[in-house]
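Numbering (my numbering), first residue to last: 36 to 220.
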Amino acid sequence: MNTYIALLRGINVSGTNQLKMDDLRETFKSLGFKNTTTYIQSGNVVFKAFETATGIMAKNIALKLTADFGFEVPVIVLSADEMKMIADGNPFFNIRESGFLHITFLSGVPSDFNLKAIEAKKQGDEEICINGKAIYLYCPHGYGKTKLTNSFLESKLKISATTRNWKTVNELLRIARENELTAGS
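And the structure:
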């Protein structure tokens, strides 16, 4: 079994799409996933599964969440190795304050987009780097104040996205490392 990380978008935000983490773990278990662990209330799930395509897993998870809870939840699934590779590729790490670093994870590799139009939304000394299935953000005034939001990036790239701060990315990687050391129970 391999370790994967599911990133759910738009749950438990501003009182909408409320989802208890116990219920979320049960949904994942009902899909046959093992060692299911959630991190904070915003839809981060580390789990084990027999190797399969992450896109298929994401689609199956999203369908099951809709069936179980009655609302649609965009889901992105990455292998633990893929998330580590994305985190290791952060061009702003070690040169910027980590408290202002974010990664926007994409459901696929975007094509045919206008980088200049995206960069035009930067404010002040914000920085953005699009690389494969990740967008690296440096938001020194806080992510809550940037115009480089999920909705904006999705509209420009025509692809699903969800953003996590640097602390969350590293915590998910830590949980994934621990998960890899345990048997699939």
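The beta-carbon is built from N, C-alpha and C at its ideal position, and this holds for glycine as well.
- request: Mark valine 144 as exposed unless 16 or more other C-beta atoms lie within 10 angstroms of its C-beta, in which case mark it buried.
  value: For the purposes of this step, residue 144 is taken as the residue at position 109 of the sequence shown. With fewer than 16 other CB atoms across the displayed protein chains lying within 10 angstroms of its CB, valine 144 is exposed.
Which value, in whole angstroms, describes the spacing of the CA atoms of glycine 179 and asparagine 95? Translated into the one-based positions of the sequence shown, residue 179 becomes position 144. Translated into the one-based positions of the sequence shown, residue 95 becomes position 60. Cα-Cα distance, rounded: 31 angstroms.
field: Per DSSP, the bridge partner or partners of lysine 83
entry: Here residue 83 refers to the residue found at position 48 when the sequence shown is read from its first residue. Looking at the DSSP assignment, lysine 83 forms a beta bridge with Thr38, Lys69.
CB contact flag (asparagine 37, threonine 217, <8 angstroms): In the sequence shown, counting from the first residue as 1, residue 37 sits at position 2. In the sequence shown, counting from the first residue as 1, residue 217 sits at position 182. No, the Cβ-Cβ distance between asparagine 37 and threonine 217 is not below 8 angstroms.
I need the DSSP call for isoleucine 163, collapsed to helix, strand or coil.
On the sequence shown, position 128 is the one that residue 163 refers to. Strand at isoleucine 163.
Using DSSP's beta-bridge definition, name the partner residues of histidine 176. Mapped onto the sequence shown, residue 176 falls at position 141. According to DSSP, histidine 176 shares a beta bridge with no other residue.
Given that a residue counts as buried once 16 or more other Cβ atoms are within 10 Å of its Cβ, and exposed if not, what is isoleucine 165?
Taking the first residue of the sequence shown as 1, we reach residue 165 at position 130. Isoleucine 165 counts as buried, since no fewer than 16 other beta carbons sit within 10 angstroms of its beta carbon.
Q) For the 8 angstroms Cβ check, are there 3 or more pairs between the stretch 133 to 153 and the stretch 167 to 186? A) Segments in contact, yes.
Leucine 141 in three-state terms, based on DSSP: Along the sequence shown, one-based indexing puts residue 141 at 106. Leucine 141 falls in the strand class under three-state DSSP.
Quiz item: Does DSSP put threonine 184 in a helix, in a strand, or in coil?
Solution: Along the sequence shown, read from residue 1 onward, the residue named residue 184 stands at position 149. Under the three-state reduction of DSSP, threonine 184 is assigned to coil, being neither helix nor strand.
Spatial distance of alanine 152 from serine 65 (CA atoms): As a first step, residue 152 must be located in the sequence shown, where it is residue number 117. As a first step, residue 65 must be located in the sequence shown, where it is residue number 30. Looking at the two C-alpha atoms, the distance is approximately 43 angstroms.
Determine, using beta carbons only, whether phenylalanine 127 and glutamate 162 come nearer to each other than 8 angstroms. What you label residue 127 is simply residue 92 of the sequence shown in a count that begins at 1. What you label residue 162 is simply residue 127 of the sequence shown in a count that begins at 1. Result yes, Cβ atoms of phenylalanine 127 and glutamate 162 sit closer than 8 angstroms.
**Message:** For asparagine 214, count the other beta carbons within 10 Å of its own beta carbon; 16 or more makes it buried, fewer makes it exposed. Which is it?
**Reply:** As a working mapping, residue 214 is identified with position 179 in the sequence shown. Residue environment analysis places asparagine 214 among the buried positions, since at least 16 neighbouring C-beta atoms fall within 10 angstroms of its C-beta.
Assigned exposure category for phenylalanine 85 - 16 Cβ within 10 Å defines buried = Along the sequence shown, one-based indexing puts residue 85 at 50. So phenylalanine 85 ends up on the exposed side.
| query | Anyone know if the C-beta pair for alanine 196 and asparagine 185 falls short of 8 angstroms? | reply | Here the question's residue 196 lines up with position 161 in the sequence shown. Here the question's residue 185 lines up with position 150 in the sequence shown. Yes, they are a contact pair.
Problem - Inter-residue spacing [alpha-carbon to alpha-carbon] between glutamate 132 and glycine 177 - result: Residue mapping note: residue 132 aligns to position 97 of the sequence shown, counting from 1. Residue mapping note: residue 177 aligns to position 142 of the sequence shown, counting from 1. Between the alpha carbons of glutamate 132 and glycine 177 lies a gap of roughly 12 angstroms.
Practice problem: Would you identify the three-state DSSP class for threonine 217, choosing helix, strand or coil? | Solution: Locating residue 217 in the sequence shown gives position 182, where the first residue counts as 1. Coil.
task = Output the distance between the C-alpha atoms of isoleucine 111 and glycine 159, rounded to the nearest integer angstrom.
result = Your numbering for residue 111 matches position 76 in the sequence shown. Your numbering for residue 159 matches position 124 in the sequence shown. Isoleucine 111 and glycine 159 have their C-alpha atoms spaced approximately 30 angstroms apart.
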